[in-house]
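Here the structure is laid out as structure tokens; the discussion comes afterwards.
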Amino acid sequence: MNNQYLATYLIDHLAGSVAALELLEELKATYAGTALTNFFTQLQTDIAADREELQTLMDRLQIVESQPRKVIAWLAEKSIALKLRVDDNACGPLRLLESLEAVALGIHGKSGMWQS
55 MNNQYLATYL IDHLAGSVAA LELLEELKAT YAGTALTNFF TQLQTDIAAD
105 REELQTLMDR LQIVESQPRK VIAWLAEKSI ALKLRVDDNA CGPLRLLESL
155 EAVALGIHGK SGMWQS
């Protein structure tokens with residue numbers, strides 16, 4: 055794989071972690087004081103640790119983070135959050151399901167990245 059493509063691939067995964075962490079922060083606020091709070095907190099911790107590993111790898115490969123991609127990921131998460139709000143109320147079952155599905159897709163994608 056061309057180094058440019060590898061850099062793009064890793065930068066995209068790093069940016070995706072921004073969206074996941076933002077979404078989990080919103081879920082923690084929505085479900086504060088419930089049994090889900092600890093789950094969201096642990097998941098956030100795990101994703102942040104994975105992100106640190108990715109940043110370490112990128113540093114070793116001399117790949118610089120892309121601020122524009124991080125901003126795009128942040129905006130994407132805000133778009134997802136808005137879509138979820140339109141579909142269901144704050145603590146609705148559809149909103150929780152779709153939020154968790156979005157995070158799970160990101161985790162699955164990151165798992166594939168590490169396997170690659």
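So in my numbering the end of the sequence shown lands on 170, straight run, no missing numbers.
All C-beta atoms in this analysis are idealised placements derived from N, C-alpha and C, irrespective of residue type, glycine included.
Fair warning: this is a prediction, and the values are worked out from it, not measured in the lab.
If I measure Cβ to Cβ from R149 and keep anything under 6 Å in the same chain, skipping five residues before and after, which residues do I get?
Here residue 149 corresponds to residue number 95 of the sequence shown, with the count starting at 1. Closer than 6 Å at the Cβ level, and outside the excluded window around R149, lie L138 and D142.
Among A73, H67, N57 and L60, which residue has its Cα nearest to the Cα of A156?
Translated into positions along the sequence shown, residue 156 becomes position 102. Answer by Cα proximity: A73.
Selected residue, minimal CA-CA separation from L136, among S153, A103 and P122
As a first step, residue 136 is located in the sequence shown; it is residue number 82 there, counting from the start. Nearest C-alpha to L136: S153.
So G87 and G160 are in contact, right, with Cβ under 8 Å, and what is the actual spacing, rounded?
Working through the sequence shown from its first residue, we reach residue 87 at position 33. Working through the sequence shown from its first residue, we reach residue 160 at position 106. Taking 8 Å as the upper bound for CB-CB distance, G87 and G160 are not in contact here, some 26 Å apart.
Since I117 and L64 should fall inside the 8 Å C-beta cutoff, what is the C-beta to C-beta distance between them, to a whole number of angstroms?
Here residue 117 refers to the residue found at position 63 when the sequence shown is read from its first residue. Here residue 64 refers to the residue found at position 10 when the sequence shown is read from its first residue. Taking a contact as a CB-CB distance under 8 Å, the pair I117 and L64 counts as one, their CB atoms being some 6 Å apart.
Per DSSP, what kind of secondary structure is D142 in: helix, strand or coil?
As a working note, residue 142 is residue 88 in the sequence shown. In the displayed model, D142 falls within coil according to three-state DSSP, outside both helix and strand.
Less than 9 Å separating the beta-carbons of W128 and E76?
Here residue 128 is taken as the residue at index 74 of the sequence shown, counted from 1. Here residue 76 is taken as the residue at index 22 of the sequence shown, counted from 1. Yes, the Cβ-Cβ distance between W128 and E76 is below 9 Å.
Quick one, are the C-beta atoms of L115 and L60 less than 9 Å apart?
The sequence position of residue 115 within the sequence shown is 61, counting from 1. The sequence position of residue 60 within the sequence shown is 6, counting from 1. Contact: yes.
Buried or exposed for E106, please, with buried defined as at least 16 other CB atoms from any protein chain shown within 10 angstroms of its CB.
Taking the first residue of the sequence shown as 1, we reach residue 106 at position 52. By the neighbour-count rule (16 or more Cβ atoms within 10 Å), E106 is not buried but exposed.
G163, DSSP secondary structure in three states:
Mapped onto the sequence shown, residue 163 falls at position 109. Secondary structure of G163 (DSSP, three-state): helix.
Assign E131 to one of two classes, buried (16 or more other C-beta atoms within 10 Å of its C-beta) or exposed (fewer than that).
In the sequence shown, residue 131 corresponds to position 77, counting from 1. With 16 or more other Cβ atoms within 10 Å, it is buried.
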